[in-house]
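As numbered in mature numbering (1 follows the signal peptide of the UniProt record, and there is no 0), residues -19 to -1, 1 to 499 make up the sequence shown, in order.
In this text, a Cβ means the ideal position worked out from N, Cα and C, and glycines have one as well.
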Amino acid sequence: MKIVSSLAFAAFLATTANAFGPSQPLKGAVSNGSGNMSTMRINIGNRIVQGRIIDVIGKNPTKEQVQSELLDTKTGNQIAQSNWKLRTTLLRKVRKQADRYELSLPDGFGVKASQSEREAAEMKAGVPRRAAKAAANTAAAAEATAINAARKEKRSAHKGRAAEFSVALKARFPKAEKKSSVDPAPVEATPEAAPAAAAPPVAAVEEAAVPAAAEAPAAAAAASTGGEITPQTIQQLRKETGAGMMDCKKALLECDGDQVVAGEFLRKKGLATADKKASRVAAEGKIAVGTSSDGKAVMVEVNCETDFVGKDATFLGYCGKVADAAASAASGSVEDLMAVEVDGESLETTRQALVSKIGENIVVRRMESRGDGSTVVGGYVHMGNIGVLVELEGGDEQLCTDIAMHVTAMNPPFATAEDVPQEVLDNEKRILSEQALESGKPEAIVEKMVEGRIRKFLEEKCLVSQPYVKDSDMTVQQLLDKNNAKMIGFTRLVVGEGIEKKVDDFAAEVASMAAGGK
């Protein structure tokens, strides 16, 4: 069995050797550091170009053969294209043949061109190609210009022929005069003496025409100043009231075009619309902050029905107006605030007009104020949805704003440990004590465990004990100490907080619609 396998392997080796073709010796090749030339097989399917050089060297060439077949440009390029090892060997053998006849190798013979040299050669070779391409482009452009000129000439000739044909057609078929659309009144036959007797004098006709002509402009002016409704009058009423175009048109029609009466009509309609929409849930909106010159800051929440209206410029302008009025006026409640007049009308009247214009319920829900002139107050509003006012003793407004940003992000329930209600602490101690007693520890250890956990609870829940959000290496209290400030308190409002939003049940709505359609 082993003999058969050895014979099969030998046959495989013989077949493989025949497939690669005959080998040719290359004298002088270096192998394993020796100076003797080893056999080099050059075969990759077809015999490569270096085989020609090897054949010439192996035939002991004459001087003429060396010059024509080994030192020519073709041979130098072939050697330059070879790999490093083969190129070194071939150069040494060709140099040896040249030395036999005292010949020298040409400059750059068998040396690979550098990147810059190759680029220069490629650019040089591409000059005629680019010139030919530019010439072709020029010829194509000239041909396109000629084609466009021919088209324009053809179009102009066509227009000229059309004009000539039109003139000839009009000359052949002259245009008939239009007949009057009003048929003339029938003329009744009368006796010859009747017209002479009935015709008034010319002077009398002229005298009667003069007053009629004088009265015509007055009548036209009266008609124009009357109840005429035009797009201009509708636009003017819309500009004054802010109502929609169709509402303004209906109001003018109801009031016979009187602008003043139509404005009052729209105002009454707006009040009715505001009353109808008052029952709708308004859980979206914005938080706005207003400040006064005496160091007081007020934060108000103005609600609407959708977040789309919450981004409307008119709604945002109303929010700012309410906040500024709350800061400047001594209003203790929202009801008192809505009675404050701004720009000649109360905030409540402005709200009702805004409801009529926008079409959604708008509510000034709540207001919170801080500062009495002796403290420093600053605020921060995040995306119009979360507002925070911070009051400090000492420091500056920028410090208040930085701490307000921290409150916005971390939402601490209390400002300091003194602000925590006693019932909250008692409840927390009871829960922690029960948890500690379940572990089976002695009462003394349980008491210490509860104290440690209460301390950790206060650190997590109190603002001054929390790590500062902008620099976690210090607490808010350390930030206050650094700026010689003391925490008085803060107020945090969130839009829609505590409002039960309506959840649309589309399945129930579709079911009710289907039941109603039966």
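Check	Outcome
Any idea what DSSP makes of Lys267, helix, strand or coil?	strand
Cα separation between Gly32 and Ser95?	26 Å
Just mark Gln379 as buried or exposed, buried being the case when its beta carbon has 16 or more other beta carbons within 10 Å.	exposed
Looking only at C-alpha atoms, which of Asp293, Gly313, Gly271, Ala143 sits nearest to Tyr361?	Gly271
Would you report the Cα separation of Thr295 and Gly375, rounded to the nearest angstrom?	38 Å
As a quick exercise: from Thr356, Gly291, Gly365, pick the residue whose alpha carbon is nearest that of Asn342.	Gly291
Using 8 Å as the limit for Cβ to Cβ distance, is Val388 near chain B?	Judged by its chain identifiers, the structure shown contains no chain B, having just a single protein chain.
In or out: Pro299 buried (at least 16 other Cβ within 10 Å) or exposed?	The residue you asked about is not Pro; residue 299 is Tyr in the sequence shown. With 16 or more Cβ atoms within 10 Å of its Cβ, Tyr299 is classed as buried.
Whose C-alpha, out of Ala116, Leu335, Thr211, is nearest the C-alpha of Gln240?	Thr211
Run through DSSP, which three-state label would Glu372 get?	strand
Smallest Cα separation from Lys267: which of Ala278, Gln59, Cys285, Ala115?	Cys285
Would you call the stretch 355 to 370 in contact with the stretch 408 to 421, where contact means no fewer than 3 C-beta pairs closer than 8 Å?	no
In chain order, what are the residue ranges of uninterrupted alpha helix (DSSP H) at least 4 long that sit wholly in the stretch 288 to 330?	288 to 291, 294 to 309, 315 to 319
With respect to the alpha helix (DSSP H) encompassing Cys381, which residues constitute its N-terminal and C-terminal limits?	378 to 391
Locate the alpha helix (DSSP H) running through Leu234, then write down its first and last residues.	226 to 235
Please state whether the Cβ-Cβ distance between Arg347 and Glu282 is less than 8 Å.	yes
In chain order, what residues of the same chain have a beta carbon less than 8 Å from the beta carbon of His387, not counting five sequence neighbours either side?	Leu444, Gln447, Tyr449, Val450, Lys451, Val457
Distance, Cα to Cα, Thr472 vs Val279?	10 Å
Output needed for Thr126: all residues of its chain with C-beta closer than 6 Å, excluding positions within five of it in sequence on either side, in chain order.	none
Can Val401 and Lys463 be called in contact, C-beta distance under 8 Å?	no
Quick check: what's the CA-CA separation for Glu432 versus Ala310?	47 Å
Looking at the unbroken beta strand (DSSP E) that takes in Glu409, where does it start and where does it end?	From DSSP, Glu409 is part of no beta strand (DSSP E) but of the alpha helix (DSSP H) over 403 to 418.
Which residues bound the alpha helix (DSSP H) around Thr69?	65 to 81
Tell me which residues share the same chain as Val242 and place their Cβ nearer than 7 Å to its Cβ, disregarding the 5 neighbours each side in the sequence.	Cys236
Excluding the 5 residues preceding and the 5 following Ala177 in the sequence, name in chain order all residues of the same chain whose CB lies nearer than 6 Å to its CB.	Any answer about Ala177 is weak, because its pLDDT of 40 lies below 50 and its placement is not dependable; what the coordinates show is given next. None.
For the structure I just gave you, are there three or more beta carbon pairs, one from the stretch 72 to 90 and one from the stretch 36 to 47, closer than 8 Å?	yes
Which runs of the alpha helix (DSSP H) spanning at least 4 residues fall entirely within the stretch 110 to 145, listed in chain order?	none
So what does DSSP say about Ala278, is it helix, strand or coil?	strand
Is it buried or exposed, Ser63, if we count other Cβ atoms within 10 angstroms and call 16 or more buried?	buried
What does the alpha-carbon distance come out to for the pair Lys302 and Gly470?	26 Å
By a C-beta neighbour count over all protein chains shown, 10 Å radius and 16 as the cutoff for buried, is Ala193 buried or exposed?	With a pLDDT of 44 at Ala193, under the threshold of 50, the predicted position of this residue should be treated as unreliable, and no value is reported.
From this set, Gly276, Glu265, Thr69, Ile215, which residue's C-alpha is nearest Cys381's C-alpha?	Gly276
Measuring only the C-alpha atoms, how far is Gly479 from Gly244?	38 Å
Going by beta-carbon coordinates alone, are Val315 and Val345 separated by less than 8 Å?	yes
Mapping the DSSP letters down to three states, classify Gly421 as helix, strand or coil.	coil
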